[in-house]
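**Q**
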Amino acid sequence: MVVQGSFRTAGLLFACLAASAGGTRAEPVPAAPEHAKVTQDAAKLGTLIAPGAPLRKLAGGLKFTEGPVWLPFGGGCLIFSDIPGDELKQWSAAGGLKSFRHPSHHANGNAIDRAGRLITCEHGGRRVSILEKDGSVRTLIDRYEGKRLNSPNDVIVKSDGTIWFTDPPYGLPPNEAKEVEGNYVYCFDPGTGDLKVVARDFDMPNGLCFSPDEEKLYVSDSGQSRQVRVFAVQSDHTLRGGAEFCRIEAGVPDGIRCDARGDVYVSAADGIHIFGPDGGMIGRVLVPETTTNLCFGGADGKTIFITAGTSIYSIQVLVPGR
Ligand code: MG
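Everything in the sequence shown is counted per our numbering, starting at 84 for the first residue and increasing by one.
#1: Pick out every residue whose C-beta is nearer than 5 Å to a heavy atom of the ligand NAD: which are they, in chain order?
#2: So, for V335: in the same chain, excluding its five sequence neighbours on each side, which residues have a beta-carbon less than 6 Å away from its beta-carbon?
#3: Just list the beta strand (DSSP E) runs in the segment 257-291, keeping only unbroken ones of 3 residues or longer that don't cross its boundaries, in chain order.
#4: Using the Cα positions of N266 and F183, report the straight-line distance between them to the nearest angstrom.
#5: Bridge partners for Y253 per DSSP, in chain order?
#6: Below 8 Å on the Cβ atoms is my guess for G404 versus R340; work out the distance and round it to an integer in Å.
#7: Mind the definition here: the segment 193-208 touches the segment 164-179 only if three or more C-beta pairs lie below 8 Å; say whether that holds.
#8: Going by DSSP in three states, T43 sits in which element: helix, strand or coil?
#9: Across which residues does DSSP place A315 in a beta bridge pair?
#10: According to the neighbour-count rule (16 or more other Cβ atoms, all chains shown, within 10 Å of its Cβ), is A351 buried or exposed?
#11: Are I398 and I387 touching if we call contact CB-CB under 8 Å?
#12: Can you pull the DSSP bridge partners for I357?
#13: Taking just the CA atoms, how far does Y269 sit from I239?
#14: I'd like to know whether the C-beta atoms of L232 and R200 end up nearer to each other than 8 Å.
#15: To which residues does DSSP link E418 through a beta bridge?
#16: Looking at the secondary structure, which residues open and close the beta strand (DSSP E) in which K181 lies?
#17: Whole angstroms are fine: how far does the CA of E228 sit from the CA of G158?
#18: From the DSSP output, in three-state form, read off T375 for me.
#19: From F293 to S318, what distance separates their C-alpha atoms?
#20: Measuring only the C-alpha atoms, how far is L131 from K140?
#21: With DSSP as the reference, label V222 as helix, strand or coil.
#22: Specify, as a first and last residue, the run of the alpha helix (DSSP H) that T130 falls within.
#23: Once DSSP output is grouped into helix, strand and coil, what is the label at P151?
#24: Please classify F156: does DSSP put it in a helix, a strand, or coil?
#25: Indicate the three-state DSSP secondary structure (helix, strand or coil) for G192 in the structure shown.
#26: Please return the same chain residues whose Cβ sits closer than 8 Å to the Cβ of K261, not counting the five positions on each side in sequence.
#27: Exposed or buried, what is T275 when buried is set at 16 or more other beta-carbons lying within 10 Å of its beta-carbon?
#28: Here's the rule: buried if 16 or more other CB atoms are within 10 angstroms of the residue's CB, otherwise exposed. What is P113?
#29: Could you pull the start and end residues of the beta strand (DSSP E) that T203 belongs to?
#30: Quick one, are the C-beta atoms of N376 and D342 less than 8 Å apart?
#31: When the distance is taken between beta carbons, is F248 closer than 8 Å to V281?
#32: Among the residues of its own chain, which have a CB less than 8 Å from the CB of I357, if the five just before and after it don't count?
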């Protein structure tokens with residue numbers, strides 16, 4: 084199904100990519116104690132973030148930001164969602180802030196597939212959609228066993244092309260009924276069309292990411308448990324384990340990302356919490372608005388872009404994303 088909208092996306096995609104430089108020229112957030120980095124393990128944090136690296140505010144005045152993904156083509160640019168604004172936005176140092184797609188069907192999480200196409204979780208559409216190279220947007224997944232999904236929240240793509248996403252009911256449109264009984268984590272194989280539930284025992288499954296070797300899957304639960312759980316990924320796309328990896332005490336965990344070393348970055352109410360692969364806390368980057376998600380990007384993959392409240396922030400790091 085192709086859903087119509089005011090899509091100038093294909094052109095914008097490549098125009099923005101050609102125009103952007105991938106760096107950050109925005110003004111640093113004014114120095115204040117609450118913006119400082121909090122260290123649990125100073126030696127390890129020093130290997131991840133240079134002393135004095137500023138947190139920069141790239142854009143503000145949005146309604147509620149989520150779902151950042153870095154498009155690495157050309158000069159590169161950031162795509163993210165303004166959920167209540169019903170819009171996908173794009174940002175680059177060279178091009179500034181622009182609209183990417185409106186309406187977005189209240190898009191949330193975004194990812195890039197192996198062919199470089201944008202994969203998007205849509206609350207309003209109750210689906211995971213794909214932006215084709217010709218600019219059309221079509222449904223990738225919208226039902227499980229004949230029942231409509233809740234409101235897909237976040238999505239990642241494995242190197243084998245499979246698409247993994249979470250489906251809590253946070254964005255269920257008003258006056259629409261929940262059809263799938265649970266709030267599941269799914270794996271979709273575009274090659275076979277097979278959609279399967281890989282985890283059923285979450286309250287509110289939310290952010291997710293793979294370890295660098297893709298042998299582990301981290302999934303946050305933004306419900307009562309406030310946990311990030313870790314699973315062993317099997318070759319048949321099933322999961323084993325699911326023990327607690329860490330628990331977030333400041334608000335709830337939402338988006339999560341791994342760096343190339345296997346450290347895990349988790350969004351929380353007060354900023355980004357960073358954990359080593361063993362689950363030990365390394366430190367926090369405090370952000371003046373409640374963070375919802377993050378992604379690695381920039382020309383060398385060493386910029387973290389953070390969606391938080393009504394704004395977008397960034398900070399340079401020393402280890403690139405996975
Ligand atoms: Mg989320």
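Backbone N, C-alpha and C define an ideal beta-carbon position, used for all residues, glycine too. Just so it is clear, the structure is predicted and the values come from calculations on it, not from any experiment.
**A** Looking at the coordinates:
#1: Ligands present in the displayed structure are limited to the ligand MG, and the ligand NAD is not among them.
#2: S305, R309
#3: 268-272, 277-282
#4: 29 Å
#5: Bridge partners of Y253: none, in fact.
#6: 6 Å
#7: yes
#8: With the chain represented from 84 up to 405, any question about residue 43 goes unanswered, as that position is not in the structure.
#9: K299, R323
#10: buried
#11: yes
#12: Y348, G366
#13: 11 Å
#14: no
#15: Outside the displayed range of the chain (84 to 405) lies residue 418, so it cannot be described from this structure.
#16: 179-184
#17: 41 Å
#18: strand
#19: 14 Å
#20: 20 Å
#21: In the sequence on display, residue 222 carries Thr and not Val. Strand, per DSSP.
#22: 125-131
#23: strand
#24: coil
#25: strand
#26: N233, P252, L255
#27: exposed
#28: Residue placement at P113 is poorly supported in this model, since its pLDDT is 47, which falls under 50; the coordinates still yield a value, given next. P113 comes out exposed.
#29: 201-205
#30: no
#31: no
#32: L128, L131, D346, V347, Y348, V349, M364, I365, G366, R367, V368
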